[in-house]
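Numbering-wise, the numbering used here puts 198 at position 35 of the sequence shown, and it's gapless, one number per residue. Built from N, CA and C at the ideal position, the CB exists for glycine as well. Working notes for the structure below.
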Amino acid sequence: MAQLAVNVDHVATIRQARGGVYPDPVHAAVLAEMGGADGIVVHLREDRRHIQDRDVRLLRETVLSRLILEMGATDEMIGIACEIRPDLVTLVPEKRTEITTEGGLDVLADPGHVKNAVARLHAGGLEVSIFIDPDQRQIEAAAKTGAEMVEIHTGRYCDAAMPSEKERCFSEVVDAARLARNLDLGVNAGHGLCYNSIKRFANTGIIDEFSIGHSIVARAVLAGMTAAVAEMQALVRQCG
Ligand code: PXP
164 MAQLAVNVDH VATIRQARGG VYPDPVHAAV LAEMGGADGI VVHLREDRRH IQDRDVRLLR
224 ETVLSRLILE MGATDEMIGI ACEIRPDLVT LVPEKRTEIT TEGGLDVLAD PGHVKNAVAR
284 LHAGGLEVSI FIDPDQRQIE AAAKTGAEMV EIHTGRYCDA AMPSEKERCF SEVVDAARLA
344 RNLDLGVNAG HGLCYNSIKR FANTGIIDEF SIGHSIVARA VLAGMTAAVA EMQALVRQCG
């Protein structure tokens, strides 16, 4: 059975919009676990646009399932990961100008750099996954870095508008997952998955864990709206 790791970055995005203390991604993680999350994911970006160092430290103390840290393969992040010791590190590419992670890590562009980052994380006692496009050559290169698993980028599948393109992108993800499995890699998948796009994976049995954030946080905002307004309305009525 596939597992669900819940990304709480966008709870921090809402907090950072006002620079205050709420909503707290640490609280969201507790609620996500109460809902059945098999893991909690956060991306500590170099520019700290949403998740802060304090969040990762507190989550390490409070997450009861598994803490998964997404990060760039930089000296700073490797140092933080080895200190905080998440249950899994997922190496991702990072550009300051992007709205969200745009594509998989280009392992082929500098295999030595990625291999070195994996070795340093292993030396710190950490398991490593590499976020990667559903591309045969990238997956073969990722397998040679020594990482335990890959996370296959599902963004193109999710963004595809035409049914034929969607089906082609889905097949790419499935083929990539099969190849990774044949290379003895664990296989996760994520990015852009929502309450519709996840259904195509039903009964495929090819993905170990899905990493999903934005659609869940977006659904939580709407699912909680009625209760949130009723609570405030009760207080406002007392002001009359
Ligand atoms: N996996 C990776 C590597 C990501 O960078 C993200 C986005 O932070 C996700 C999964 C989750 O994507 P989404 O928020 O679109 O569900």
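Local conformation of residue i per DSSP, three classes
{"i": "residue 289", "result": "coil"}
{"i": "residue 243", "result": "helix"}
{"i": "residue 325", "result": "coil"}
{"i": "residue 226", "result": "coil"}
{"i": "residue 257", "result": "coil"}
{"i": "residue 234", "result": "strand"}
{"i": "residue 284", "result": "helix"}
{"i": "residue 251", "result": "strand"}
{"i": "residue 166", "result": "strand"}
{"i": "residue 262", "result": "coil"}
{"i": "residue 406", "result": "For residue 406 there is no data in the structure shown, the boundaries of the chain being 164 and 403."}
{"i": "residue 394", "result": "helix"}
Check whether residue i and residue j have beta carbons under 8 Å apart
{"i": "residue 171", "j": "residue 221", "result": "no"}
{"i": "residue 315", "j": "residue 165", "result": "no"}
{"i": "residue 374", "j": "residue 204", "result": "yes"}
{"i": "residue 226", "j": "residue 207", "result": "no"}
{"i": "residue 304", "j": "residue 276", "result": "no"}
{"i": "residue 317", "j": "residue 278", "result": "no"}
{"i": "residue 302", "j": "residue 343", "result": "yes"}
{"i": "residue 212", "j": "residue 247", "result": "no"}
{"i": "residue 332", "j": "residue 319", "result": "yes"}
{"i": "residue 228", "j": "residue 261", "result": "no"}
{"i": "residue 295", "j": "residue 270", "result": "yes"}
{"i": "residue 298", "j": "residue 339", "result": "yes"}
{"i": "residue 328", "j": "residue 311", "result": "no"}
{"i": "residue 378", "j": "residue 358", "result": "yes"}
{"i": "residue 387", "j": "residue 173", "result": "no"}
CB-CB length for residue i against residue j, believed under 8 Å
{"i": "residue 253", "j": "residue 231", "result": "6 Å"}
{"i": "residue 251", "j": "residue 292", "result": "6 Å"}
{"i": "residue 202", "j": "residue 168", "result": "4 Å"}
C-beta neighbour in chain D for residue i, strict 8 Å
{"i": "residue 302", "result": "No chain D appears in this structure, which consists of one protein chain only."}
* What are the start and end residues of each continuous alpha helix (DSSP H) run of 4 or more residues lying completely inside the region 168-216, in chain order? -> 172-181 and 188-197, all fully within the region 168-216.
* Asked: Counting Cβ pairs, one atom from each stretch, are 3 or more of them under 8 Å apart for the region 337-354 and the region 255-262?
  -> No: the two stretches stay apart, fewer than three of their Cβ pairs being nearer than 8 Å.
* Does the region 273-285 come close enough to the region 227-243 to have 3 or more Cβ pairs within less than 8 Å? -> Taking a cut-off of 8 Å on C-beta distances, the region 273-285 touches the region 227-243, as three or more cross pairs fall below it.
* beta strand (DSSP E) runs contained entirely in the region 316-385, provided each spans 3 or more residues -> Complete beta strand (DSSP E) runs here, min 3: 349-353 and 372-375.
* Report yes or no: do the region 323-334 and the region 377-392 share at least 3 C-beta pairs separated by less than 8 Å? => Contact between the region 323-334 and the region 377-392 is absent, because fewer than three Cβ pairs lie under 8 Å.
* Is the region 176-184 touching the region 358-372 in the sense that three or more CB pairs, one from each, lie closer than 8 Å? -> The region 358-372, when compared against the region 176-184, does not touch it at the 8 Å Cβ threshold.
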